[in-house]
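There are 2 protein chains.
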Amino acid sequence: MLVESQKSHPKMAKVDRDSCSSPTIEVTIVEVTMSSSAQKKSPAKVGRPRNNDKEKTERGERILNAAEELFALHGYDGVTLRTLANAAGVDVALISYYFGPKQQLFDTVFKRRAEILNQQRLEALQTAKDEVAPTAVEVEKIIEAFLRPLEVAQESEDEGWKNYCALLAYVNNSAVWGPLLMSKHYNELVDVFIDALRLALPDSNDENLYWCYHYMSGAMSLTFANTGRIDKMSKGLCRSDDFKAAYDRMIPFIAAGFRQVCC
Amino acid sequence: MLVESQKSHPKMAKVDRDSCSSPTIEVTIVEVTMSSSAQKKSPAKVGRPRNNDKEKTERGERILNAAEELFALHGYDGVTLRTLANAAGVDVALISYYFGPKQQLFDTVFKRRAEILNQQRLEALQTAKDEVAPTAVEVEKIIEAFLRPLEVAQESEDEGWKNYCALLAYVNNSAVWGPLLMSKHYNELVDVFIDALRLALPDSNDENLYWCYHYMSGAMSLTFANTGRIDKMSKGLCRSDDFKAAYDRMIPFIAAGFRQVCC
DNA sequence: TTGACAATTCAACAACCGTTGAATTTAAAT
DNA sequence: ATTTAAATTCAACGGTTGTTGAATTGTCAA
Numbered sequence: 002m003l004v005e006s007q008k009s010h011p012k013m014a015k016v017d018r019d020s021c022s023s024p025t026i027e028v029t030i031v032e033v034t035m036s037s038s039a040q041k042k043s044p045a046k047v048g049r050p051r052n053n054d055k056e057k058t059e060r061g062e063r064i065l066n067a068a069e070e071l072f073a074l075h076g077y078d079g080v081t082l083r084t085l086a087n088a089a090g091v092d093v094a095l096i097s098y099y100f101g102p103k104q105q106l107f108d109t110v111f112k113r114r115a116e117i118l119n120q121q122r123l124e125a126l127q128t129a130k131d132e133v134a135p136t137a138v139e140v141e142k143i144i145e146a147f148l149r150p151l152e153v154a155q156e157s158e159d160e161g162w163k164n165y166c167a168l169l170a171y172v173n174n175s176a177v178w179g180p181l182l183m184s185k186h187y188n189e190l191v192d193v194f195i196d197a198l199r200l201a202l203p204d205s206n207d208e209n210l211y212w213c214y215h216y217m218s219g220a221m222s223l224t225f226a227n228t229g230r231i232d233k234m235s236k237g238l239c240r241s242d243d244f245k246a247a248y249d250r251m252i253p254f255i256a257a258g259f260r261q262v263c264c
Numbered sequence: 002m003l004v005e006s007q008k009s010h011p012k013m014a015k016v017d018r019d020s021c022s023s024p025t026i027e028v029t030i031v032e033v034t035m036s037s038s039a040q041k042k043s044p045a046k047v048g049r050p051r052n053n054d055k056e057k058t059e060r061g062e063r064i065l066n067a068a069e070e071l072f073a074l075h076g077y078d079g080v081t082l083r084t085l086a087n088a089a090g091v092d093v094a095l096i097s098y099y100f101g102p103k104q105q106l107f108d109t110v111f112k113r114r115a116e117i118l119n120q121q122r123l124e125a126l127q128t129a130k131d132e133v134a135p136t137a138v139e140v141e142k143i144i145e146a147f148l149r150p151l152e153v154a155q156e157s158e159d160e161g162w163k164n165y166c167a168l169l170a171y172v173n174n175s176a177v178w179g180p181l182l183m184s185k186h187y188n189e190l191v192d193v194f195i196d197a198l199r200l201a202l203p204d205s206n207d208e209n210l211y212w213c214y215h216y217m218s219g220a221m222s223l224t225f226a227n228t229g230r231i232d233k234m235s236k237g238l239c240r241s242d243d244f245k246a247a248y249d250r251m252i253p254f255i256a257a258g259f260r261q262v263c264c
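The listed protein sequences derive, respectively, from chains A and B.
Heads up: the first sequence begins at 2 in the numbering used here, then just goes up one per residue.
Heads up: the second sequence begins at 2 in the numbering used here, then just goes up one per residue.
As structure tokens, then:
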């Protein structure tokens with residue numbers, strides 16, 4: 002006989018789900034579900050619904066929004082299609098009907114906002130280039146163009162952007178998804194920004210530039226992973242949802258790092 | 002009819018497992034399993050084994066090692082006890098016998114190396130304090146004491162340390178596990194290092210210090226998440242398993258960031 | 001009107017999940 | 001030599017998983 006320790010498991014099977022895999026002590030989890038509303042199961046009319054049953058957000062979109070939130074919080078394997086269906090207030094079969102297999106759904110969720118975000122960053126960079134001689138943009142301005150759109154996204158009224166940022170953190174740190182999805186959707190952007198940085202730091206070699214970019218990417222990821230850890234660590238002095246505070250410090254922090262290593 | 006797109010799923014159920022949830026295209030995954038060896042199922046004698054069947058590493062330890070590797074790669078929900086048993090070359094029931102419920106196993110894996118790592122960092126910090134007047138340790142030295150033990154761990158002959166570092170990255174970025182496990186096992190260490198940094202940067206307020214610490218934590222995490230992304234990003238110029246390169250640049254990068262924000 | 005098709009629910013599927021109890025073999029204590 | 005306990009395998013449990021086929025209801029063009 003080994004184990005006992007947490008004297009727990011004598012006769013408890015029951016795997017908890019619906020509230021999603023969560024650690025040791027089961028602190029209620031107060032309704033993850035979807036911000037929108039929906040569920041409360043009982044009647045459920047079969048067949049195509051009337052057109053005048055206008056729901057403010059379409060079902061397909063509701064699924065994507067809920068998926069975004071849940072995948073960001075629990076990861077790919079931590080979310081079951083039934084939990085997701087419940088959160089989105091739709092039947093589970095509808096998910097496959099709209100989006101195919103689970104992996105394809107994940108792909109779709111990740112892709113949805115990637116292009117928008119990329120475009121905002123490219124525009125910000127272009128603006129910076131237009132302000133001065135395009136060959137002589139400052140490091141700070143480049144970092145700013147890279148990071149600030151994320152702050153805007155996270156502060157957006159559209160709650161979904163915050164979830165997407167957390168999803169981005171998950172994918173970026175995942176050895177399984179990262180190589181696939183990050184390269185596919187963000188490599189082009191990386192090239193543009195590295196080019197700009199190379200111009201701003203002409204004494205650097207590319208190896209230094211890429212490593213520094215990597216550190217920036219890590220700092221950024223943890224920031225919008227939004228784990229609430231800094232709140233605990235600082236005993237409430239810093240709040241992880243205070244994005245202004247996070248980005249205002251992050252930009253000079255990163256810029257100084259680049260200058261140090263790449264000069 | 003929506004969906005079709007990846008014209009895939011007409012008649013494929015079969016969820017793939019054993020090779021562990023992995024994205025869209027199924028690129029073989031060439032035997033994740035355990036580095037050690039084991040498995041190849043056929044005879045399997047029931048009952049307690051002879052003592053002279055000396056296996057170089059005990060079964061309990063083999064389970065922990067395999068769990069470390071798989072949890073780091075696929076996350077908590079991405080690993081099933083059967084996959085794990087297979088990788089460790091033991092029967093699935095033995096896992097529960099040794100470690101109780103799955104969550105308790107995860108806890109045990111995370112805890113195992115946390116204390117060792119903390120102690121190494123504290124020693125490194127003490128050494129730095131002993132070299133000069135203990136009130137005037139340089140920022141670089143503090144960062145070095147914090148980061149260098151990780152480089153050593155990752156370069157260690159014991160492959161397990163690399164896996165543990167990746168696991169640490171997973172937990173640190175997880176909104177589910179982070180608040181629980183990081184606080185429990187690493188908060189004490191944070192306090193000591195923040196104290197040291199406060200002395201080295203006397204003009205700073207604590208808010209700045211905690212945010213900078215947070216950026217450092219993120220950069221570090223992504224570095225040992227070891228996703229191989231920097232390899233692709235840089236078209237082979239940088240290699241994510243070149244830890245020396247990673248840490249040699251990271252220390253001045255972070256130190257410069259601290260100096261910029263906290264002066 | 002009719003007929004094609006889009007959107008939805010429901011029930012089922014085989015496979016798999018974490019966990020446990022019983023059986024078996026060996027080691028250690030008496 | 002006998003008993004007790006440890007270490008292991010096997011088979012099963014009740015429940016959950018992603019996915020699909022059939023049935024139902026609505027829309028819209030012909």
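Glycine included, each C-beta is placed from N, C-alpha and C at the ideal position.
Closer than 8 Å at the beta carbon, the chain B residues around residue i
i: residue 255 of chain A; result: 216, 258
i: residue 75 of chain A; result: 78, 177
i: residue 174 of chain A; result: 170, 171, 174, 222, 223, 226, 228
Partner residues on chain B for residue i, Cβ-Cβ distance less than 7 Å
i: residue 180 of chain A; result: 228, 229, 230, 233
i: residue 261 of chain A; result: 253, 254, 257
i: residue 122 of chain A; result: None at all; the shortest Cβ gap to chain B is about 16 Å.
With 16 other Cβ atoms within 10 Å as the buried cut-off, status of residue i
i: residue 108 of chain A; result: buried
i: residue 159 of chain A; result: exposed
i: residue 222 of chain B; result: buried
i: residue 228 of chain A; result: buried
i: residue 157 of chain A; result: exposed
i: residue 127 of chain B; result: exposed
i: residue 114 of chain A; result: buried
i: residue 210 of chain B; result: buried
i: residue 240 of chain B; result: exposed
i: residue 258 of chain B; result: buried
i: residue 224 of chain B; result: buried
i: residue 51 of chain A; result: exposed
i: residue 79 of chain A; result: buried
i: residue 163 of chain A; result: buried
Beta-carbon separation (whole angstroms), residue i vs residue j, contact threshold 8 Å
i: residue 110 of chain B; j: residue 65 of chain B; result: 6 Å
i: residue 264 of chain B; j: residue 207 of chain B; result: That pair is no contact at about 14 Å.
i: residue 69 of chain B; j: residue 179 of chain B; result: Not a contact, Cβ separation roughly 18 Å.
i: residue 129 of chain B; j: residue 142 of chain B; result: 4 Å
i: residue 84 of chain B; j: residue 71 of chain B; result: 7 Å
i: residue 167 of chain A; j: residue 86 of chain A; result: At roughly 21 Å, the Cβ-Cβ gap does not stay under 8 Å, so residue 167 of chain A and residue 86 of chain A are not in contact.
Candidates the options, of which the one nearest residue i by Cα
i: residue 67 of chain B; options: B:88, B:80, B:179, B:182; result: B:88
i: residue 194 of chain A; options: B:179, B:92, B:149, B:235; result: B:235
i: residue 189 of chain A; options: A:233, A:175, A:92, A:118; result: A:118
i: residue 45 of chain A; options: A:90, A:246, A:133; result: A:90
i: residue 121 of chain A; options: A:152, A:96, A:135, A:206; result: A:152
i: residue 176 of chain A; options: A:71, A:76, A:50, A:47; result: A:76
i: residue 232 of chain A; options: B:124, B:191, B:167; result: B:191
i: residue 145 of chain B; options: B:86, B:78, B:197; result: B:197
i: residue 183 of chain B; options: B:199, B:251, B:116; result: B:116
i: residue 1 of chain B; options: B:82, B:163, B:249, B:238; result: No answer is possible for residue 1 of chain B: it lies beyond the span of chain B, which begins at 2 and ends at 264.
i: residue 173 of chain A; options: A:135, A:219, A:47, A:214; result: A:219
i: residue 59 of chain A; options: A:243, A:99, A:137; result: A:99
i: residue 217 of chain B; options: B:252, B:201, B:199; result: B:252
i: residue 249 of chain A; options: B:62, B:57, B:212, B:171; result: B:212
i: residue 199 of chain A; options: A:254, A:138, A:181; result: A:138
i: residue 47 of chain B; options: B:169, B:242, B:92; result: B:92
Partners in chain A for residue i, counting only beta-carbon separations shorter than 7 Å
i: residue 49 of chain B; result: Near residue 49 of chain B there are no residues of chain A at all, since even the closest Cβ is about 13 Å away, more than 7 Å.
i: residue 220 of chain B; result: 216, 219, 220
i: residue 66 of chain B; result: The contacting residues do not exist; residue 66 of chain B stays about 17 Å from chain A at best.
i: residue 52 of chain B; result: Here the premise fails: no neighbours, minimum Cβ distance about 17 Å.
Neighbour list for residue i in chain B, Cβ cutoff strictly below 9 Å
i: residue 246 of chain A; result: 208, 212
Closer than 9 Å at the beta carbon, the chain A residues around residue i
i: residue 239 of chain B; result: 207, 208, 211, 212, 215
Chain-ordered neighbours of residue i on chain A, where CB pairs are closer than 8 Å
i: residue 188 of chain B; result: 233, 234
i: residue 63 of chain B; result: Ordered by position in chain A, no residue passes the 8 Å Cβ test against residue 63 of chain B, which lies about 15 Å from the chain.
Closer than 7 Å, Cβ to Cβ, to anything on chain A: give me those residues from the region 222-237 of chain B, in chain order. 222, 223, 224, 226, 227, 228, 229, 230, 231, 233, 234, 235
Could you run through the region 77-88 of chain A and flag, in chain order, every residue whose CB is less than 9 Å away from some CB of chain B? 77, 78, 79, 80
Would you list, in chain order, the members of the region 191-216 of chain B that have their beta-carbon closer than 8 Å to a beta-carbon of chain A? 191, 207, 208, 209, 211, 212, 213, 214, 215, 216
Below 8 Å between beta carbons is the criterion; list the residues of the region 157-172 of chain A that meet it against any residue of chain B, in chain order. 167, 170, 171
In chain order, what residues of the region 125-151 of chain B put their CB closer than 9 Å to some CB of chain A? none
Any residues in the region 100-123 of chain A with a beta carbon nearer than 7 Å to a beta carbon of chain B? Which ones, in chain order? 100, 101, 102, 104, 105, 108
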